[in-house]
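> Heads up: the protein sequence lines correspond to chains A and B, in order.
The first sequence begins at 1 in the numbering used here and counts up by one.
The second sequence begins at 346 in the numbering used here and counts up by one.
We put the beta carbon where it would ideally sit given N, CA and C, even for glycine.
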Amino acid sequence: MGGLSIIAPWIAPYGYETQNLELKAVPPQLSWNTMQAVYGRCTLEQARTNAEQLGGALGKIKNTQVAAKLHGTIDERDYGETMWVSDWQGAGPKRIEISPDGFIPLDDAGDEATFLYLHSRAHWLGTDELGRDLFTRLLYGGRVSLMVGLCATSVSLTIGVLFGAVAGYFGGRTDDLMMRFVDVLYALPFTIFVILLTVIFERNIWNLFLAIGAVEWLTMSRIVRGQVLSLRQQEFIEAAIALGIPRWRIIWRHIIPNCLGPVIVYTTLTIPVVMLLEAFLSFLGLGVQPPMSSWGLLIRDGSKVLEEFPWLMIFPGSVLAVTLFSLNFLGDGLRDALDVRISKD
Amino acid sequence: MAILEVENLKTWFHTRDGVVKAVDGISFDLAPGKILGIVGESGSGKSVTVHSLMGLVPQPPGRIEDGSAHFDGSDLIRCAPRELRAIRGKRIAMIFQDPMTSLNPYLRISEQLIEPLLIHGLAEREQALKKAIAMLEKVGIRDAAERIHSYPHEFSGGMRQRVMIAMALITDPEMLIADEPTTALDVTVQAQILRLLKELQADLGVSVIFITHDLGVIAELADRVVVMYRGHIVEQGDVLSIFDHPQHPYTKGLLACRPRLESTFKVLPTVSDYLDEMEVGGQVELSEKPDAAAHIESLQQVADSEIDENDLLLEVRGLQVHFSERAGFFFGPKGLVKAVDGISFTVPRGSTLGLVGESGCGKTTTGRAILNLVAPTEGSVQFDGQEIAGFDAAAMLPLRKRMQIIFQDPYSSLNPRLTIEQALTEPMSVHGIGRHHAERRDRAAALLDEVGLDARFLRRYPHEFSGGQRQRICVARALSLEPEFILCDEAVSAMDVSVQAQVLNLLKELQLRRNLTYIFISHDLSVVKFMADTMAVMEGGRIIEQGNAEEIYANPSEAYTRRLIDAIPRDSVSFIRERVG
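Here it is, written out as structure tokens:
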């Protein structure tokens with residue numbers, strides 16, 4: 001089960017992301033000392049601690065314009081300026097000066113006062129053209145992509161395995177009919193098929209999962225059918241029939257568990273395909289809508305500006321790659337764990 | 346001067362669970378122009394021995410720890426891979442067990458035959474083809490010039506093995522290694538192949554190492570015999586002395602456990618009747634059981650049960666099974682294969698009917714049709730007075746309890762993903778036997794006990810068992826529904842003779858205890874003779890001879906039956922004496 005530990009680092013930042021839901025537009029650059037102003041009412045001591053916790057503080061603001069968007073970012077050029085702010089408790093605008101230690105008493109010095117402090121809002125992975133933090137978008141995109149990957153794949157897995165097992169088990173004319181049906185679906189241009197599905201049904205993300213799953217099961221059913229055809233020859237299936245075991249039970253207990261190996265491997269291969277498919281559909285306006293993102297979309301956007309802003313391509317790309325790598329390991333681990341012949345002795 | 350001298354060969358496998366000493370210090374010689382037989386059961390190390398000689402042992406986990414094998418001045422164990430490659434296939438050739446899988450199905454026979462000649466630079470293409478055709482004729486393939494361009498699937502199993510032999514001999518090797526070349530074949534085909542090998546060996550003067558688990562085959566063929574057990578050679582000598590005065594208890598057991606046409610055993614002796622294994626300080630010591638001779642004597646005395654000829658459990662009349670070769674979805678049937686073409690027989694309760702014939706004679710299809718696993722085209726099958734031909738799954742359900750089947754291949758007849766407990770209790774729960782799971786599990790444990798296995802095995806998976814143990818599990822599974830009738834479809838054909846004897850004894854014992862009725866399907870007449878009361882000989886979908894088993898053996902009226910009987914390897918001392926001269 002080495003697979004799980006490999007995706008653990010991926011699981012951890014995922015939980016982290018919910019606190020970071022601030023899709024504020026910031027300048028499109030990979031700038032490590034950009035700061036964000038935050039202010040609140042607290043004691044001097046608290047303000048100092050806050051400022052430290054949030055990554056230090058900066059000097060004065062030069063540009064008063066910045067004051068208008070307090071939650072925006074301020075950089076060195078703004079030092080020494082004064083700015084107008086309105087605090088979050090609804091008090092009127094006040095003139096403040098941004099000092100190098102990052103906080104300025106706005107009222108008289110007292111036990112409690114309103115301070116302005118600046119905290120570092122470094123963009124670990126940079127921001128995109130619209131000034132959105134790539135890291136945040138990656139984490140959010142991950143939710144969509146993984147969801148698409150898992151949901152659509154499980155839809156395709158369920159339909160594919162059942163369809164393939166039934167076709168392979170019953171064989172003969174049933175098999176012919178079912179497989180010709182698969183051929184017909186193969187022949188349909190799948191985009192049109194998905195567009196149709198999303199048009200007929202309400203356009204939301206769940207229907208998108210279903211639509212992709214409904215297209216991707218074809219190959220799975222073919223693989224399973226092939227497996228079942230060879231399993232069907234095995235004598236334990238015949239023995240099961242001779243023992244009077246009902247057909248559905250034979251399929252469920254004797255056939256499906258025995259074709260899990262290839263199924264799992266193919267499943268881990270389907271996940272990336274599905275993720276990229278989702279990106280394509282989103283591009284057509286059928287999938288995820290901006291400002292929401294997904295890994296597929298990020299990669300697509302990043303690839304357009306690869307020369308100017310390579311990080312927009314590199315980071316989503318490597319995250320996807322690492323995830324798929326982990327999924328493959330997970331698949332291998334699962335297959336071994338499920339294989340009674342390898343486990344314990 | 347021996348052509349091959351093997352000395353103190355040790356091949357060990359270093360697995361995660363420890364060292365398996367597959368071959369542990371064996372020495373033997375092969376004289377030029379002679380046939381050396383290596384006998385032993387699966388796992389005795391006989392295959393590993395020759396694989397070591399040919400450099401075919403997978404390393405790791407295998408490792409040749411010690412020993413030498415001198416072949417014409419070069420040590421096969423130590424020489425460089427390049428040197429070995431020059432010897433292998435050219436001067437030492439090999440034939441494998443399964444002719445179905447040892448030919449490449451995508452290449453024409455001609456390509457595969459001339460490949461060794463081309464690789465070793467022995468001939469140009471034209472010449473090589475000529476030689477290949479000549480070789481095919483030599484191994485008894487008619488119209489060789491035409492058939493050489495066929496693909497492997499166009500040949501039957503026996504023919505493929507002939508092609509394999511031709512392929513091995515085409516480079517005029519000095520030594521031929523045959524690794525169980527007839528085990529996967531019918532007895533009749535086996536007899537032909539053995540005769541062919543014998544002729545070719547005399548003709549070409551090649552030295553042969555012949556590996557088998559069956560001493561009967563050795564008796565037909567070999568000049569010298571090496572008996573292997575657990576990686577050691579327990580006995581070696583010339584063929585006559587081994588058969589005439591076996592020294593080691595294991596050899597005695599192996600000789601006795603083979604069902605013979607002339608023997609009158611009701612229970613077969615097994616190796617364990619002779620052999621005592623004691624573990625002393627990590628070493629297994631083999632010794633003869635003191636009371637072996639008396640015990641074997643007593644086996645002859647076991648009485649048969651009485652059979653009422655008029656109490657018929659199964660009555661088959663005019664059974665036909667036809668398969669249509671379908672051309673495609675939209676087209677009608679293309680041709681008709683009459684697998685079973687109108688056969689009739691009866692089986693009294695508590696008796697055994699032996700159904701014999703070569704592969705493809707329809708005996709398996711007959712069995713399947715009786716159990717409604719394939720739909721009979723015509724005819725009637727009456728089970729205990731009830732007409733069951735053409736029943737659908739629902740109608741068959743109550744009868745499934747009463748009619749069971751045991752298959753040939755114990756490896757594919759158990760679902761690898763179910764524990765033994767699951768495999769045994771599933772049919773019970775489907776048929777509502779036992780009130781709850783605990784009760785079913787107890788019954789499963791009792792069944793394992795009945796077939797001679799430990800109840801601890803319930804939690805294990807099939808892959809943890811040997812072939813013989815698996816077949817016992819299959820028997821237990823068939824018994825789990827308490828049937829009256831069991832169809833044994835080549836139930837022991839895939840087994841070593843020593844294991845075969847145990848399973849046959851088990852089946853006989855169960856028959857007596859539970860008054861079971863068997864149909865015993867086999868291509869091996871000696872096994873059928875041991876098991877069956879009445880016998881039916883099938884050829885081409887029809888029964889050509891049937892009646893009392895003993896009488897048919899004594900006086901076969903059909904030439905075909907005669908041929909089947911003659912095909913059984915003869916291993917009497919007098920025969921060997923005559924053969925060796």
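Since Ile241 of chain A meets chain C, which of its residues come closer than 7 Å, beta carbon to beta carbon?
Of the chains in the structure shown, none is chain C; the protein chains are A and B.
> If you follow the beta strand (DSSP E) that Lys355 of chain B is in, where does it begin and where does it stop?
Here the beta strand (DSSP E) through Lys355 of chain B covers 349-360.
> Kindly indicate the opening and closing residues of the beta strand (DSSP E) around Ser372 of chain B.
That run of the beta strand (DSSP E) goes 363-375.
> For Glu235 of chain A, decide whether its Cβ has a neighbour in chain B, counting only Cβ atoms nearer than 7 Å.
Yes, Glu235 of chain A counts as interfacial toward chain B.
> Using a Cβ-Cβ cutoff of 7 Å, what residues of the stretch 764-777 of chain B are near chain A? List them in chain order.
Per Cβ criterion, the list reads Glu771, Pro772, Val775, His776.
> Pick out whichever of B:Leu763, B:Asp548, B:Met520, B:Leu851 has its Cα sitting closest to the Cα of Cys833 of chain B.
For the residues B:Leu763, B:Asp548, B:Met520, B:Leu851, the minimum Cα distance to Cys833 of chain B belongs to B:Leu851.
> For a test of the three-state rule: what should DSSP assign to Met346 of chain B, helix, strand or coil?
If DSSP states are grouped into helix, strand and coil, Met346 of chain B belongs with coil.
> Between Gly331 of chain A and chain B, is there a C-beta pair that is closer than 7 Å?
Closer than 7 Å: no.
> What does Ile864 of chain B reach in chain A if we use C-beta pairs closer than 9 Å?
The premise fails here: Ile864 of chain B is roughly 13 Å from chain A at the closest Cβ pair, so nothing lies under 9 Å.
> Would you tell me roughly how many angstroms separate the C-alpha atoms of Gly412 of chain B and Val368 of chain B, rounded to the nearest one?
Spanning the two alpha carbons is a distance of roughly 11 Å.
> Given that a residue counts as buried once 16 or more other Cβ atoms are within 10 Å of its Cβ, and exposed if not, what is Leu284 of chain A?
With fewer than 16 Cβ atoms within 10 Å of its Cβ, Leu284 of chain A is classed as exposed.
> What whole-angstrom Cβ distance do Leu700 of chain B and Met840 of chain B have, given they're in contact under 8 Å?
About 19 Å; that fails the 8 Å criterion.
> Taking Cβ-Cβ distances shorter than 9 Å, what residues in chain B pair up with Pro262 of chain A?
Neighbours of Pro262 of chain A on chain B: none; closest Cβ ~15 Å, over 9 Å.
> Could you compute how far the alpha carbon of Glu950 of chain B sits from the alpha carbon of Met748 of chain B?
Residue 950 of chain B is absent from the model: chain B starts at 346 and stops at 926.
> Can you tell me the Cα-Cα spacing of Val848 of chain B and Arg785 of chain B, whole angstroms?
About 25 Å.
> Check the Cβ-Cβ distances between Asn760 of chain B and every residue of chain A, and say whether any is below 7 Å.
Yes, its Cβ sits closer than 7 Å to a Cβ of chain A.
> Provide the residue(s) that pair with Arg408 of chain B in DSSP beta bridges, ordered along the chain.
According to DSSP, Arg408 of chain B bridges with B:Trp357.
> Can you give me the Cβ contacts of Leu585 of chain B inside the same chain, cut-off strictly under 8 Å, excluding the 5 residues immediately before and after it?
Closer than 8 Å at Cβ, skipping near neighbours: Val918, Ile921, Arg922, Val925.
> On a CA-only basis, which of B:Cys602, B:Arg470, B:Gln592, B:Tyr905 is nearest Glu386 of chain B? Give me that one, please.
Nearest of B:Cys602, B:Arg470, B:Gln592, B:Tyr905 to Glu386 of chain B, Cα basis: B:Cys602.
> Spell out a yes or no on whether the stretch 250-258 of chain A and the stretch 759-773 of chain B are touching, meaning 3 or more CB-CB pairs, one atom from each, closer than 8 Å.
In short, these stretches touch, since the Cβ pair count reaches three.
> Chain B partners of Ile245 of chain A, CB-CB under 8 Å?
Correct list: Glu771, Pro772, Val775.
> Measure the alpha-carbon distance for Ser632 of chain B versus Leu620 of chain B and round it to whole angstroms.
When rounded, the distance between both Cα atoms is 6 Å.
> Determine which residues share a DSSP beta bridge with Glu723 of chain B and list them.
In DSSP, Glu723 of chain B forms a bridge with B:Gln665.
> Taking 7 Å as the threshold (beta carbon to beta carbon), is Ser757 of chain B in contact with chain A?
Yes, Ser757 of chain B counts as interfacial toward chain A.
> Mapping DSSP to helix, strand and coil, what is Ala489 of chain B?
Of the three classes helix, strand and coil, the one that applies to Ala489 of chain B here is helix, per DSSP.
> Between Gly244 of chain A and Lys746 of chain B, which are expected to be in contact by the criterion C-beta below 8 Å, what is the C-beta distance as a whole number of angstroms?
Yes, Gly244 of chain A and Lys746 of chain B are in contact; Cβ-Cβ is about 7 Å, under 8 Å.
> Where does the unbroken alpha helix (DSSP H) through Ala152 of chain A begin, and where does it stop?
Counting along the chain, the alpha helix (DSSP H) containing Ala152 of chain A begins and ends at 134-170.
> Report the rounded CA-to-CA distance for Asp332 of chain A versus Glu519 of chain B, giving the unit in angstroms.
Roughly 47 Å separates the two Cα atoms.
> With distances taken between CB atoms, is the gap from Val161 of chain A to Val224 of chain A smaller than 7 Å?
Their beta carbons are under 7 Å apart, which means Val161 of chain A touches Val224 of chain A by this criterion.
> Taking only beta carbons into account, state which residues of the stretch 294-316 of chain A come closer than 7 Å to chain B, listed in chain order.
Those residues of the stretch 294-316 of chain A that come within reach of chain B (Cβ to Cβ, closer than 7 Å) do not exist; the list is empty.
> Should Asn717 of chain B go down as buried or exposed, given a rule of 16 or more other Cβ atoms within 10 Å for buried?
By the 10 Å Cβ count, Asn717 of chain B comes out buried.
> Considering only residues of the same chain and omitting the five flanking positions on each side of Gly261 of chain A, which have a CB-CB separation below 6 Å?
Closer than 6 Å at Cβ, skipping near neighbours: Arg335.
> Would Val666 of chain B pass as a contact of Ala714 of chain B if the rule is Cβ separation under 7 Å?
Contact flag set, yes.
> Could you tell me which whole beta strand (DSSP E) segments of length 3 or greater appear in the stretch 688-772 of chain B?
The qualifying runs are 697-701, 723-728, 748-751.
> Just to confirm before moving on: does the CB-CB distance between Val532 of chain B and Ala912 of chain B stay below 7 Å?
Taking 7 Å as the Cβ cut-off, Val532 of chain B and Ala912 of chain B qualify as a contacting pair.
> In the DSSP assignment, what residue or residues form a beta bridge with Gly892 of chain B?
Gly892 of chain B pairs with B:Met880.
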